[in-house]
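Numbering (this note's numbering), first residue to last: 21 to 625.
Here you go:
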């Protein structure tokens, strides 16, 4: 049987003849790097080619490397391989499109487009119990949303279809029979109970769980007897039995004869993939590193069928912040979830590309056209990339704010109308609100909270906070008294009706009257007029609040508190009790406050 792993002392490749030196390089390199791309990168290329070679003369090898089949891994001089570039993304329709799968699809897409090649979509639905049409439709929808258009696939066709594995069974049977005729596979009549017993025996003997049945060497008479009895059988691939092959960390278990066709006629994954990639003329296989254990089995099938070998590149996994594999327990993990949360496809594509790739500069903002122009496979990192939801949200904000102003405003306006914050007929107010709030909005869905927050007036909650203590103790009651006088006289509203210019003139004069300026003036005014300690531009905010109360733009359900109601609340604040509250640990003395919803319909001053 052919085992996989590395035992014995290290071997220096420089002390061995050239004919076998590359094999030993693979062994030593994988002992620390654990990925095929890393080995290839060490040789100057990210592409791995695997070739099955005749047995190396045993006198050149140490005892544990003697006899049997040899696998040579080598880097191709050019990722183009001299022929047309054809890559594929082959999801299983058993669930939603994971962000890891989306990144794999993206890397395939970018490589194909950057090389003028073809991007093929193939549905691997051989898991009949778990595969669903709904999942397939969701995966295709998510890929289309990301903008990863495919040249061939189940919905667009192509000269190498069909593009669903479930529709290719006759082809798999044809090639399985070809392997049977050549002797590369044999019928295995072992029952499930017998196979389980082999595993148990191997476990007790502390041996690898490989096939130890008799059918690989059974006589024609024994086989015919079982066929006549109608005994179910699988097609089992005959792995060359002489000697052992050591490739550390490429495959971590012992490789024995493996099944390529189940007893119910269903082909096994590694067999399907090899036949599909070969018959669809796939030139480059870019996939997740979790597929590394499949590579040797597929290489054996390629050789047995006489197919040319594609180049392989295995991409490292996407990790969670704790550096474990990203999973549902870490939050949203599917493309569909992020789409529903309000993320932009442009931002998702940009962020996924940067999870393991960079163009060598400090730039992090890329459109999909930029990525096609700049993408090279040799700049894909070998180590796992950590998925940072905060960084993704920030990047979404960058793309959102890169929209043309009219497009951005229309997006916010439509959102506010859909959620019932603005009246359907409104447009002018939406433009001013969008301009004011856009820098603090990273997701289109955040626009609701941003506008609702601006329209609200949580004065008492703010005044009772520890952060407000210094503002309150800086004679806030004196500023409040002056502000109330300016409002009652109509002076403030007149200034606000003139827009930002009117506000700036008024606030300058108001500051002079109180002998305040800068933070000592604007922080108290922000608290008293907006009910908050922080927010967007002060002048723009107050002008917009005034406009909201006079133009009828906002709906009753928006929670808007107009200026009349704000000043009613302000007049009821018990300033002496508030100062006493901050000097003791007593509960904050809330003034009686009318619910904001009840005040929303009240007219402005």
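Quick reminder that beta carbons are idealized off the backbone N, C-alpha and C, glycines included.
For residue i, three-class secondary structure by DSSP
i, result
"residue 173", "strand"
"residue 327", "coil"
"residue 354", "strand"
"residue 405", "strand"
"residue 255", "strand"
"residue 332", "strand"
"residue 289", "helix"
"residue 464", "coil"
"residue 338", "strand"
"residue 345", "strand"
"residue 230", "coil"
"residue 442", "strand"
"residue 377", "strand"
"residue 581", "coil"
Buried versus exposed, by CB contacts within 10 Å (16 or more), residue i
i, result
"residue 118", "buried"
"residue 329", "buried"
"residue 448", "exposed"
"residue 172", "buried"
"residue 104", "exposed"
"residue 203", "exposed"
"residue 554", "exposed"
"residue 217", "exposed"
"residue 513", "buried"
"residue 410", "exposed"
"residue 568", "buried"
"residue 385", "exposed"
"residue 341", "exposed"
"residue 225", "exposed"
"residue 561", "buried"
"residue 425", "exposed"
"residue 343", "exposed"
"residue 585", "buried"
"residue 29", "For residue 29, the predicted structure reports a pLDDT of 32, less than 50, and the residue's modelled location is therefore unreliable. A value from the coordinates is still provided. Exposed is the call here."
"residue 539", "exposed"
"residue 383", "exposed"
"residue 582", "buried"
"residue 156", "buried"
"residue 491", "buried"
"residue 468", "buried"
8 Å contact criterion, which residue i and residue j should meet: CB distance rounded
i, j, result
"residue 303", "residue 106", "5 Å"
"residue 281", "residue 196", "5 Å"
"residue 190", "residue 145", "Wrong, their Cβ atoms sit about 16 Å apart, outside the cutoff."
"residue 296", "residue 305", "Actually they are not in contact, since the Cβ atoms of residue 296 and residue 305 sit about 11 Å apart, beyond 8 Å."
"residue 471", "residue 499", "Not a contact, Cβ separation roughly 27 Å."
"residue 158", "residue 356", "6 Å"
"residue 437", "residue 444", "6 Å"
"residue 279", "residue 320", "That pair is no contact at about 13 Å."
"residue 441", "residue 574", "6 Å"
"residue 275", "residue 312", "With a Cβ gap of about 13 Å, residue 275 and residue 312 do not count as contacting."
Proximity of residue i and residue j at Cβ, strictly below 8 Å
i, j, result
"residue 417", "residue 389", "no"
"residue 552", "residue 478", "yes"
"residue 291", "residue 253", "no"
"residue 336", "residue 378", "no"
"residue 493", "residue 601", "no"
"residue 206", "residue 150", "no"
"residue 524", "residue 572", "no"
"residue 415", "residue 370", "yes"
"residue 431", "residue 464", "yes"
"residue 125", "residue 163", "yes"
"residue 563", "residue 520", "yes"
"residue 487", "residue 454", "no"
"residue 287", "residue 183", "no"
Residue range of the unbroken beta strand (DSSP E) whose run includes residue i
i, result
"residue 281", "278–281"
"residue 141", "138–141"
"residue 106", "106–109"
Residue i - containing alpha helix (DSSP H), residue span
i, result
"residue 192", "189–202"
"residue 306", "Premise fails: residue 306 lies in the beta strand (DSSP E), 304–308, not in any alpha helix (DSSP H)."
"residue 507", "496–508"
"residue 546", "539–550"
"residue 371", "365–374"
"residue 129", "119–134"
"residue 491", "489–493"
"residue 208", "Premise fails: residue 208 lies in the beta strand (DSSP E), 205–208, not in any alpha helix (DSSP H)."
"residue 425", "425–438"
"residue 214", "212–224"
"residue 562", "558–571"
Neighbour flag for residue i against chain B, beta carbons, 8 Å
i, result
"residue 517", "Absent from the structure is chain B; it holds one protein chain and no more."
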